[in-house]
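K.L.:
Pasting a structure below so you can have a look.
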Ligand code: PEP
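Okay, here's the thing in structure tokens:
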């Protein structure tokens, strides 16, 4: 049985005042029936982890460097995230792939570093609108999955987030059939690569304009084990009903 996961990606949003949302979230979900993860900006990880020390809600980073240390100005190593209190890291988000030119090979190396540091790697992949309209979605996400995930990854340290680029922050959401098609495809691909049981144990999140109003129907789709949520994770009053919908799924 895969434990469901509601993950929030705050992106480059939030200064100290935003931490009050974590207090609200923790108070609303003292014993969540699903895993809950919040990934704030790196500057807030330590404070967020302290604020959530008595809560089952966990904290993650939004990226890490592939190296343990070195001359990489501005970067943060996976071990540093872990020391700050993170238990997970998002890798290969489409905004990092676009803004920083991250390739599948780089994402794979970052993912390996995150896993080696004891973090859960949430590896993101998804097609552009051009890819979708040209009928290339499965080819694109299949290649990203193959290239971005290291060979020794396993379910305890790996989560895959399918995030169609055209659905992120746009309010546009694929049809439930489209989400189901990709998630079933990813499940088969993981099982073909890692073996039936190990592949079946890896959690698959959907991400892209998940809101309180559409969460329940998305969570009812086969092989959707939760969500990676951007905008609607910033406020507890928005993220909380998404968590509740996942608990009820
Ligand atoms: C994301 O940041 O990964 C995301 C899915 O954003 P949003 O929920 O705002 O579309």
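In my numbering, the protein residues as written are 1 to 249.
Note that CB positions come from ideal geometry on N, CA and C, so glycine has one too.
Determine the extent of the beta strand (DSSP E) in which residue 203 is found, giving its start and end residues.
P.N.:
For the purposes of this step, residue 203 is identified with residue 203 of the chain shown, where counting begins at 1. Judged by DSSP secondary structure, residue 203 falls within the beta strand (DSSP E) whose first and last residues are 203 to 207.
K.L.:
Helix, strand or coil: how does DSSP classify residue 128 here?
P.N.:
For the purposes of this step, residue 128 is taken as the residue at position 128 of the chain shown. The answer is coil: DSSP assigns residue 128 none of H, G, I, E or B.
K.L.:
Is residue 123 near ligand 1, in the sense that its beta carbon is under 8 Å from a heavy atom of that ligand?
P.N.:
One-based indexing of the chain shown puts residue 123 at position 123. For ligand 1, not one heavy atom lies less than 8 Å from the Cβ of residue 123.
K.L.:
Run through the segment 2 to 63 for me and flag every whole beta strand (DSSP E) of 3 or more residues, listed as ranges in chain order.
P.N.:
5 to 9, 35 to 39, 58 to 61
K.L.:
Just to confirm, are residue 82 and residue 119 a CB contact at a threshold of 9 Å?
P.N.:
Sequence index remark: in the chain shown, residue 82 carries index 82 (1-based). Sequence index remark: in the chain shown, residue 119 carries index 119 (1-based). In terms of Cβ geometry, residue 82 and residue 119 form a close pair [threshold 9 Å].
K.L.:
State yes or no: is the C-beta of residue 92 within less than 9 Å of the C-beta of residue 148?
P.N.:
For the purposes of this step, residue 92 is taken as residue 92 along the chain shown, with counting starting at 1. For the purposes of this step, residue 148 is taken as residue 148 along the chain shown, with counting starting at 1. For residue 92 and residue 148, yes; Cβs fall inside 9 Å.
K.L.:
Name the residue from 19, 1, 24 whose alpha carbon lies nearest to the alpha carbon of residue 237.
P.N.:
Sequence index remark: in the chain shown, residue 237 carries index 237 (1-based). It is 24.
K.L.:
Determine the DSSP secondary structure at residue 140, reduced to helix, strand or coil.
P.N.:
Within the chain shown, the letter at position 140 stands for residue 140. Helix, per DSSP.
K.L.:
Which residue's Cα is closest to the Cα of residue 230: 85, 163, 188?
P.N.:
Within the chain shown, residue 230 is the residue found at index 230, counting from 1. With distances taken between Cα atoms, residue 230 lies closest to 163.
K.L.:
Can you check DSSP and say which residues form a bridge with residue 72?
P.N.:
By 1-based counting over the chain shown, the position of residue 72 is 72. The partner list for residue 72 (beta bridge, DSSP) is empty, contrary to what the question assumes.
K.L.:
Less than 8 Å between the CB atoms is what I'm expecting for residue 191 and residue 199, so what's the real figure, rounded?
P.N.:
As a position in the chain shown, residue 191 is number 191, starting the count at 1. As a position in the chain shown, residue 199 is number 199, starting the count at 1. Contact flag correct, Cβ pair sits at about 3 Å.
K.L.:
Among 29, 90, 80, which residue has its Cα nearest to the Cα of residue 39?
P.N.:
Mapped onto the chain shown, residue 39 falls at position 39. Here the closest residue by C-alpha is 90.
K.L.:
Note the first and the last residue of the continuous beta strand (DSSP E) segment covering residue 227.
P.N.:
Working through the chain shown from its first residue, we reach residue 227 at position 227. Residues 226 to 229.
K.L.:
Just the Cα atoms here: how many angstroms apart are residue 167 and residue 174?
P.N.:
Residue numbering aside, residue 167 sits at position 167 when the chain shown is read from its first letter. Residue numbering aside, residue 174 sits at position 174 when the chain shown is read from its first letter. Approximately 7 Å, taken between the alpha carbons.
K.L.:
Exposed or buried, what is residue 30 when buried is set at 16 or more other beta-carbons lying within 10 Å of its beta-carbon?
P.N.:
Here residue 30 refers to the residue found at position 30 when the chain shown is read from its first residue. Exposed, because fewer than 16 other Cβ atoms sit within 10 Å of the Cβ of residue 30.
K.L.:
Alpha carbon to alpha carbon, how far is residue 16 from residue 195?
P.N.:
Along the chain shown, read from residue 1 onward, the residue named residue 16 stands at position 16. Along the chain shown, read from residue 1 onward, the residue named residue 195 stands at position 195. Residue 16 and residue 195: Cα-Cα distance of roughly 44 Å.
K.L.:
Figure out for me which residue from 179, 157, 85 has the closest Cα to the Cα of residue 51.
P.N.:
Taking the chain shown and counting its residues from 1, the one referred to as residue 51 is at position 51. Nearest option by C-alpha distance: 85.
K.L.:
Under 8 Å: does the beta carbon of residue 4 sit that close to some heavy atom of ligand 1?
P.N.:
The sequence position of residue 4 within the chain shown is 4, counting from 1. In this structure, the C-beta of residue 4 stays at least 8 Å away from each heavy atom of ligand 1.
K.L.:
Nearest-angstrom Cα distance between residue 19 and residue 134?
P.N.:
To locate residue 19, count along the chain shown from 1; it is residue 19. To locate residue 134, count along the chain shown from 1; it is residue 134. Roughly 42 Å between the two C-alpha positions.
K.L.:
Short of 8 Å in beta carbon distance, which residues of its chain neighbour residue 234, apart from the five on each side in sequence? Order them along the chain.
P.N.:
Position 234 of the chain shown holds residue 234. Cβ neighbours of residue 234 beyond the five flanking positions: 8, 10, 13, 14, 18, 21.
K.L.:
Return no unless some Cβ of chain B is closer than 9 Å to the Cβ of residue 192.
P.N.:
Absent from the structure is chain B; it holds one protein chain and no more.
K.L.:
Under three-state DSSP, which class holds residue 179?
P.N.:
The count along the chain shown starts at 1 and reaches residue 179 at position 179. If DSSP states are grouped into helix, strand and coil, residue 179 belongs with the helices.
K.L.:
Can you tell which of 180, 219, 160, 248 has its C-alpha closest to the C-alpha of residue 107?
P.N.:
Counting from 1 along the chain shown, the entry for residue 107 is found at position 107. Residue 160 is the option with its Cα nearest to residue 107.
K.L.:
Whole alpha helix (DSSP H) runs in the segment 78 to 134 with 4 or more residues, listed along the chain?
P.N.:
78 to 84, 94 to 99, 104 to 116, 129 to 133
K.L.:
For residue 244, is the classification buried or exposed, using 16 other Cβ atoms within 10 angstroms of its Cβ as the cut-off for buried?
P.N.:
On the chain shown, position 244 is the one that residue 244 refers to. Buried, by the Cβ-count rule.
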